[in-house]
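Peer 1:
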Amino acid sequence: MNQQNGLDERTGLRRRLLLKVLHGYFALSRGMTLGVRAACFNPQGEIFLVRHSYVPGWYMPGGGVERNETALAALEKELREEGNLELTAPPQLFHVYFNRRISPRDHVLLYRTEVIQTAPRLADREIVEAAFFDPRDLPKDVTSATLRRLAELSGEVKPADVW
Numbered sequence: 001m002n003q004q005n006g007l008d009e010r011t012g013l014r015r016r017l018l019l020k021v022l023h024g025y026f027a028l029s030r031g032m033t034l035g036v037r038a039a040c041f042n043p044q045g046e047i048f049l050v051r052h053s054y055v056p057g058w059y060m061p062g063g064g065v066e067r068n069e070t071a072l073a074a075l076e077k078e079l080r081e082e083g084n085l086e087l088t089a090p091p092q093l094f095h096v097y098f099n100r101r102i103s104p105r106d107h108v109l110l111y112r113t114e115v116i117q118t119a120p121r122l123a124d125r126e127i128v129e130a131a132f133f134d135p136r137d138l139p140k141d142v143t144s145a146t147l148r149r150l151a152e153l154s155g156e157v158k159p160a161d162v163w
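In UniProt numbering, the protein residues as written are 1 to 163.
(1) Pull up the distance between the alpha-carbon of ILE102 and that of THR70, whole angstroms please.
(2) Can you tell me which of GLY57, ARG125 and ASN42 puts its alpha carbon nearest to the alpha carbon of THR118?
(3) Whole angstroms is fine: what's the gap from ASP137's alpha carbon to GLY62's?
(4) For the beta strand (DSSP E) that GLU66 lies in, which residues bound it at each end?
(5) Is it buried or exposed for ASP106, if we count other Cβ within 10 angstroms and need 16 for buried?
(6) Using alpha carbons as the reference points, say which of ILE116, TRP58 and PRO90 lies closest to ARG149.
As structure tokens, then:
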């Protein structure tokens with residue numbers, strides 16, 4: 001496992017304000033917020049990560065669960081939108097996290113998935129970069145939360161209850 005500390009995705013006043021505004025909107029429109037993320041592994045054992053335009057660092061793909069949407073439907077939608085990824089096996093729910101750093105009402109479901117990529121993911125206004133990486137050779141700016149989740153998935157540390 002990569003032993004870097006990771007980039008703190010909450011740095012910078014502008015980013016913190018943007019996250020507060022986005023999650024404020026989500027709190028009003030959804031009540032409790034619920035998100036999904038996935039550790040997506042291809043047949044070679046590489047993990048898929050994305051870099052967004054609006055926050056720094058590399059993340060596992062994911063997003064919010066909308067009203068009248070199941071968590072699995074949200075997961076499949078996010079994998080398709082953020083990576084042109086398709087599941088090759090049923091996703092395995094790994095853990096449920098309370099994400100109090102974002103909101104006092106935010107929870108994240110983390111899934112472990114096996115995927116294939118149907119087409120390269122081209123950059124756009126949301127995703128500026130996306131790729132598969134060897135879990136032992138991750139890009140420089142992987143977020144600290146992503147590194148913690150990978151350590152938990154590999155069994156190096158016990159899963160935390162807080163994102």
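For every residue, glycine included, the Cβ atom is placed at its ideal position computed from N, Cα and C. The structure presented is a predicted model; accordingly, all values stated were derived computationally and were not measured.
Peer 2: In this structure, then:
(1) 22 Å
(2) ASN42
(3) 22 Å
(4) No beta strand (DSSP E) contains GLU66, which DSSP labels as neither H nor E.
(5) buried
(6) TRP58
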